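Single-structure report; data block below.
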Ligand SMILES: Nc1ncnc2c1ncn2[C@@H]1O[C@H](COP(=O)(O)OP(=O)(O)OP(=O)(O)O)[C@@H](O)[C@H]1O
Ligand SMILES: [Mg+2]
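In the working numbering, the protein residues as written are 1 to 575.
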């Protein structure tokens, strides 16, 4: 019940390490038996005053050799544990990584990013101990009592049987505690995360709480929560302590019973003194492995939960692999395009859009009307739409991700710049020489800045923390220009940046639009004036379409939006 065959088979490499681990522990056990045997025989000889120098030396040598073997085996078994942990981590993380790659850009339609991270990091870590410690202990806890049973049978069958029969009482006791523990633990975790959430929220909002003088009230509220948490923590600790006590009672009680049997057999004369001592010395060893397994039990439980999560992820259905390239012409057509992120909330209501090869099309409309949704469908990030989306006549669902990415570049308002040099960030797009890199940096007006720094080797920190928002966006544009694809989608690529950067970037976009298919999403309507065609969206519908002048004449939604923006900008200028 605590062994998952699929899990073990998916990391079949770890089998040999687990086997090796168990073998080392078993050899170590045998060595221990030999040491105890020597001691028992030695004391037996001492008492019966039949001590000969030769036999003492022999016993001492056996004991010394066995202790050395034990030492080596213990080292080896922890090494094996480490090796199997390593294999498990590597294998499972590779499986998860490859699965996400196969799911492709639209993976987050099926699974949340936070879940993937949690499963790949914490989930896999939990399995590390499952493979490295729990599984070997599981098999060892089976073999050790049997081995001891066989050996002690040669001395006294009755004691051997009594000891062996007591061993399974430990797992039975664990199982009994289990049902109760599970309920208590889930209550504990609930309380724990609730307290953590409230604490974090209150801490982050402390300034707000102070302003509204609500900090005392929140403080009292949290004290009540904390007291509840203290109580349940104590309950959990009591439970754990009790279950350990029960296991210890069984282990030591069983051992004591075995000893009593041995002593009884000795006093009735059916066992020699050495035999009796031998059983007394080894009786605790019957129980120790199982007792240890008991303390690994919560690890096994966590491991099982983690492996369920991992397999859920690995079993997610994948889209059929598609091979097509985008068709000739690169005209993009959306017919009757309908899309929802969640059931019963439709975002796009059967819209028709057409983006001709080499044309410059703008997509405008109020916040939340669905512009970015269209962009993410066209760039292959959302696949669960209905209706028809074709590029050059080929349905987008049949175009391979690689070909789509090659032909279409998406630039959002928050493009990712990676930690590393400027050169590294640019070379992602194309394997270009330094001259080409400089010429594109020149275009986006970054060259002067970079020359004053460290040139192409200027280092960019994590999250592009050491360059400005405008510089980051320009760098993203430079990278996009290098990519040299047929189709470009700009989704608010200039929002949140200064006017100067915006103008630089827009200039490059207009330049690009002369030769490529460009789709521009922008709040600032001044930017879309020169577009060949403008789609005006509202609440997931296309309400108007045409050139800037045509739309102004219509005096509809677009004209209203445009005029109010111009008014606002003029007002700002005057001010
Ligand atoms: N990942 C998502 N899950 C659920 N709903 C979403 C998701 N992304 C967007 N939406 C919803 O879809 C609708 C359209 O969002 P979209 O991002 O396409 O708007 P937009 O036109 O790009 O707006 P903005 O101009 O503010 O960027 C919104 O009502 C939004 O609440
Ligand atoms: Mg948007």
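The C-beta atom is built at its ideal place from N, Cα and C for all residues, glycine as well. All figures in this text were calculated on a predicted structure; none of them were measured in a lab.
Separation of residue j from residue i, as counted between CA atoms
i: residue 324; j: residue 302; result: 44 Å
i: residue 339; j: residue 347; result: 6 Å
i: residue 225; j: residue 195; result: 7 Å
i: residue 570; j: residue 556; result: 21 Å
i: residue 308; j: residue 420; result: 37 Å
i: residue 522; j: residue 362; result: 8 Å
i: residue 374; j: residue 388; result: 13 Å
i: residue 558; j: residue 552; result: 7 Å
i: residue 116; j: residue 253; result: 47 Å
i: residue 594; j: residue 215; result: Residue 594 falls outside the range modelled here, since the chain spans only 1 to 575, and no answer is possible.
i: residue 151; j: residue 142; result: 15 Å
i: residue 446; j: residue 408; result: 24 Å
i: residue 283; j: residue 167; result: 11 Å
i: residue 429; j: residue 474; result: 14 Å
i: residue 270; j: residue 161; result: 16 Å
i: residue 401; j: residue 104; result: 7 Å
i: residue 399; j: residue 487; result: 14 Å
i: residue 614; j: residue 87; result: Any question about residue 614 goes unanswered here, given that the chain covers just 1 to 575.
i: residue 63; j: residue 34; result: 7 Å
i: residue 457; j: residue 449; result: 13 Å
i: residue 562; j: residue 423; result: 40 Å
i: residue 406; j: residue 467; result: 28 Å
i: residue 75; j: residue 210; result: 58 Å
i: residue 286; j: residue 57; result: 29 Å
i: residue 440; j: residue 482; result: 7 Å
i: residue 171; j: residue 298; result: 13 Å
i: residue 345; j: residue 191; result: 33 Å
i: residue 300; j: residue 130; result: 6 Å
i: residue 54; j: residue 45; result: 12 Å
i: residue 159; j: residue 9; result: 39 Å
Reduced DSSP secondary structure (H/G/I, E/B, other) of residue i
i: residue 236; result: helix
i: residue 546; result: strand
i: residue 503; result: helix
i: residue 516; result: coil
i: residue 384; result: coil
i: residue 406; result: helix
i: residue 3; result: coil
i: residue 345; result: strand
i: residue 317; result: coil
i: residue 61; result: helix
i: residue 391; result: strand
i: residue 324; result: strand
i: residue 77; result: helix
i: residue 208; result: helix
i: residue 368; result: coil
i: residue 350; result: strand
i: residue 334; result: strand
6 Å Cβ shell around residue i - same chain, five flanking residues per side excluded
i: residue 77; result: 21, 24, 25
i: residue 376; result: 382
i: residue 527; result: 506
i: residue 132; result: 81, 84, 85
i: residue 548; result: 529
Sequence-distant residues of the same chain with beta carbon closer than 7 Å to residue i, five excluded per side
i: residue 582; result: Missing from the structure shown is residue 582; the chain here goes from 1 to 575 and no further.
i: residue 544; result: 536, 551, 554, 556, 557, 558
i: residue 336; result: 350, 352, 387, 388
i: residue 359; result: 517, 532, 533
N- and C-terminal bounds of the beta strand (DSSP E) containing residue i
i: residue 491; result: 487-491
i: residue 472; result: No beta strand (DSSP E) holds residue 472; the alpha helix (DSSP H) holding it covers 469-483.
i: residue 173; result: Counting along the chain, residue 173 falls outside any beta strand (DSSP E), though it belongs to the alpha helix (DSSP H) covering 169-204.
i: residue 365; result: 360-365
i: residue 538; result: 533-538
Neighbour flag for residue i against chain D, beta carbons, 7 Å
i: residue 196; result: The displayed structure is made up of one protein chain only, and chain D is not part of it.
Nonlocal neighbours in the same chain, by C-beta distance under 8 Å from residue i, ignoring five residues either side
i: residue 313; result: 96, 99, 111, 115, 116, 119
i: residue 277; result: 39, 40, 43, 44
i: residue 425; result: 417, 418, 460, 475, 479
Cβ-heavy atom distance, residue i to ligand 3, below 6 Å
i: residue 372; result: Only ligand 1 and ligand 2 can be found as ligands here, which leaves ligand 3 out of the picture.
Enclosing alpha helix (DSSP H) for residue i [first to last residue]
i: residue 46; result: 13-47
i: residue 148; result: 135-153
i: residue 497; result: Taken as a continuous stretch (DSSP letters only), residue 497 belongs to no alpha helix (DSSP H), as it is neither H nor E.
i: residue 529; result: It is not in any alpha helix (DSSP H) - residue 529 carries neither H nor E in the DSSP assignment.
i: residue 564; result: 557-574
i: residue 160; result: 157-166
i: residue 397; result: From DSSP, residue 397 is part of no alpha helix (DSSP H); its letter is neither H nor E.
i: residue 114; result: 113-118
Write down every uninterrupted run of the alpha helix (DSSP H) in the segment 410-464 whose length is 4 residues or greater and which is fully enclosed by it, in chain order.
422-427, 434-443, 447-452
Unbroken alpha helix (DSSP H) runs of length 4 or more, entirely within the segment 228-304: which are they?
273-295
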